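What follows is one structure encoded as structure tokens, with my remarks underneath.
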Amino acid sequence: MQMRCYCVTGHGQPLELVQRDTPQPQGTEVLVRVRAAGLCHSDLHIWEGYYDLGGGKKLSLADRGIKLPLTLSHEICGEVVAAGPQAGDVQMGTVAVVHPWIGCGKCAACERGEENICMKPQSLGVMRDGGFADYVIVPHPRYLVDLGGLDPVKAAPLACAGVTTYSAVKKFGERIHQDPVVIIGAGGLGMMAIEVLKALGAKGAVVVDVDSAKREAALKAGALAVIDARASDAVKQIADATGGGARAVLDLVGATPTVKLALDASTRGGHVVVVGLMGGDITISLPIIPMRPLKIEGSYVGSLPELRELVALMREGKMQPSSVTPRPLGEVNEALEALAQGKVVGRQVLVP
Ligand SMILES: [Zn+2]
Ligand SMILES: [Zn+2]
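Residue numbers are given in the UniProt record's numbering: position 226 of the sequence shown equals residue 226, and the series is strictly consecutive.
What follows is the structure, encoded as structure tokens:
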């Protein structure tokens, strides 16, 4: 039996439609029929082939061990249709979101349940084939989180946008209940972060973006205030909206001007969590780190237990899905193009 997959065969080239034999699950593997696959900003980086490290330096994905051809999409929901002989008791027909941040399973990080920071990642749609296909192989059924009747199209972004923002927001601890969280970037992750804050009963979000349509969408989703990142008084506007300066800033863009804005807008004891990978570099006066004092932290996707917590919040009705735009899988190149041009509000989810 043949299946379609849309693969990166050359960096920066349109994804190529490839017909392949549908893989048969071996060992502990399960075969999942894809019902929905989200398109994430990091798919753009993999497609382009590098991260911008600033100062003209680039981190090539080939150096990270990413090999072509590769089927993109790490935000996958689907139905279990077959399982290998060692997969154990797997219910056929279960519709689940797939945890894509898979590690080696043997190192200290994996043993702690932090497979997302394993040094030998096996992530779906990054190191192994992902969801822009009719079927995907998942290495073990434990990576499947049962949707319990949730819509797979709305749930797909939980696997990356969802668990990434959830894991990042949790790093702020109790202060989300004391102060508004400043969110820089109102794309797929930003809209999700607004929903995560609501689900956790947080004080709320002050959202910063350069795009007026995205600011509008953030207001509609319940942001306390929105601010144009390019306004000359953006720092003062953030101070006003947070009652004197931000104590929690989530930078979902991660570019030179946004990290700089995050640090400038932070008050004493401010905590900046950087998630975005747009790239660049900054120069920072070291005495301000201890004197202000600032906490600057990185956050990379999320863990399987965090994805389970997030799906539970949604199944209990505490967390609303953020806005998604379903598109047929055949439009994946148009979707990629739209994302590259920054024209997308919410998440594009491809449906085979
Ligand atoms: Zn992603
Ligand atoms: Zn590992």
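Think of the CB as a built atom: it goes at the ideal place given N, C-alpha and C, for glycine as much as any other residue. Remember, it's a predicted structure, so these values are computed and weren't measured experimentally.
Helix, strand or coil at residue i according to DSSP, with G and I counted as helix
i	result
residue 328	strand
residue 278	coil
residue 233	coil
residue 271	strand
residue 300	coil
residue 355	Here the chain comprises residues numbered 1 to 352, so residue 355 is not present and cannot be evaluated.
residue 259	helix
residue 334	helix
residue 54	strand
residue 64	coil
residue 97	strand
residue 1	coil
residue 110	helix
residue 115	helix
residue 339	helix
residue 20	strand
residue 154	helix
residue 218	helix
residue 78	strand
residue 285	coil
residue 128	strand
residue 137	strand
residue 102	coil
residue 198	helix
residue 148	coil
residue 203	coil
residue 292	coil
residue 313	helix
Spatial distance of residue i from residue j (CA atoms)
i	j	result
residue 179	residue 272	14 Å
residue 162	residue 262	22 Å
residue 10	residue 125	15 Å
residue 110	residue 320	30 Å
residue 221	residue 21	43 Å
residue 247	residue 290	15 Å
residue 194	residue 91	34 Å
residue 318	residue 199	5 Å
residue 15	residue 299	29 Å
residue 58	residue 344	26 Å
residue 328	residue 37	10 Å
residue 269	residue 190	23 Å
residue 188	residue 150	19 Å
residue 236	residue 244	9 Å
residue 238	residue 266	9 Å
residue 209	residue 48	24 Å
residue 393	residue 233	For the chain, the structure presents residues 1 to 352; residue 393 sits outside this window and is missing.
residue 203	residue 176	6 Å
residue 35	residue 170	29 Å
residue 153	residue 46	23 Å
residue 83	residue 100	18 Å
residue 19	residue 70	13 Å
residue 56	residue 350	34 Å
Residue burial classification, residue i (beta-carbon count within 10 angstroms, cutoff 16)
i	result
residue 25	buried
residue 164	buried
residue 12	exposed
residue 227	buried
residue 284	exposed
residue 230	exposed
Under 8 Å between C-beta atoms of residue i and residue j
i	j	result
residue 28	residue 108	no
residue 39	residue 348	yes
residue 32	residue 98	yes
residue 53	residue 264	no
residue 308	residue 145	yes
residue 118	residue 95	no
residue 314	residue 155	yes
residue 113	residue 72	no
residue 103	residue 121	yes
residue 258	residue 182	no
residue 362	residue 184	Because the chain in this structure spans residues 1 to 352, residue 362 falls outside the shown range and cannot be described.
residue 50	residue 60	yes
residue 276	residue 294	no
residue 75	residue 159	yes
residue 303	residue 167	yes
residue 132	residue 301	no
residue 279	residue 312	no
Report all residues for which the CB-ligand distance to some heavy atom of ligand 1 is below 6 Å; order them along the chain. Checking every Cβ against the heavy atoms of ligand 1 under 6 Å gives 40, 42, 74, 160.
Got a list of residues with beta-carbon closer than 5 Å to any non-hydrogen atom of ligand 2, in chain order? In chain order, the residues with a C-beta atom nearer than 5 Å to some heavy atom of ligand 2 are 103, 104, 107, 110, 118.
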